[in-house]
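**Student:**
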Amino acid sequence: MPIIRISLRAGTPPADRNTLVEGVYAALRETFAVAEGDLFAFVHEHQAANFHYGPDYLGIHRSDDLVAIQITANATRTTAQKRALYAAIARNLAREPGVKPANVLVNLVEVAPENWSFGDGLMSYGPADP
9 MPIIRISLRA GTPPADRNTL VEGVYAALRE TFAVAEGDLF AFVHEHQAAN FHYGPDYLGI
69 HRSDDLVAIQ ITANATRTTA QKRALYAAIA RNLAREPGVK PANVLVNLVE VAPENWSFGD
129 GLMSYGPADP
């Protein structure tokens, strides 16, 4: 049920883009118990003129290798699960394709379960109508 959006500078090889998706998905499966096959991920590449970030925000030193990850998911996880997710993503992407943890930015957007339709014009989760 999560939707993964990954933004990065243009020019990343296709294999590395796929590895980024796989690393984030593996972290979601590990920490948020996301089901097998529940994968909806979109990778967005940006030219330098359209890719802006604070290189030293909060004392973390980033480079143009920054990978910005936004995950939209149900608002059902604990703070501990969220911390575990962030750590697992950074660990997975450091291992492969070799993104430095300082260059891994994660934003979790939480929504109510009834805010999903995965097709056919039907509400996928949420309460039944009275």
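With the working numbering as the guide, the letters of the sequence shown map in order to residues 9 to 138.
Even for Gly, the Cβ is constructed at its ideal location relative to N, Cα and C.
1. Does the separation of the CB atoms of Ala81 and Met9 fall below 8 angstroms?
2. Is Ala41 buried or exposed, if buried means 16 or more other CB atoms sit within 10 Å of its CB?
3. Quick one: residues in its chain with C-beta nearer than 7 angstroms to the C-beta of Ala110, no 5 flanking neighbours on either side, listed in chain order?
4. Leaving out five residues before and five after Ala34 in sequence, what residues of the same chain have Cβ atoms less than 6 angstroms from its Cβ?
5. Let me make sure I understand the geometry here. Which of Pro138, Ala49, Val112 and Pro21 has the alpha-carbon closest to that of Tyr65?
6. Just to confirm my understanding: we take Ser125, look at its own chain, exclude 5 residues before and 5 after, and list those with CB closer than 7 angstroms. What are they?
7. Under 8 angstroms between the Cβ atoms of Ile11 and Val75?
8. What is the residue span of the alpha helix (DSSP H) that Phe50 lies within?
9. According to DSSP, is Val107 helix, strand or coil?
10. Using only the alpha-carbon positions, how far apart do Asn26 and Ala136 sit?
11. Are Glu44 and Thr20 closer than 8 angstroms when you measure CB to CB?
12. With respect to the alpha helix (DSSP H) encompassing Arg37, which residues constitute its N-terminal and C-terminal limits?
**Tutor:** Short version:
1. yes
2. exposed
3. Ile68, His69 and Arg70
4. Asn100
5. Val112
6. Met131 and Ser132
7. no
8. Premise fails: Phe50 lies in the beta strand (DSSP E), Ala49 to His54, not in any alpha helix (DSSP H).
9. coil
10. 37 angstroms
11. no
12. Pro22 to Phe40
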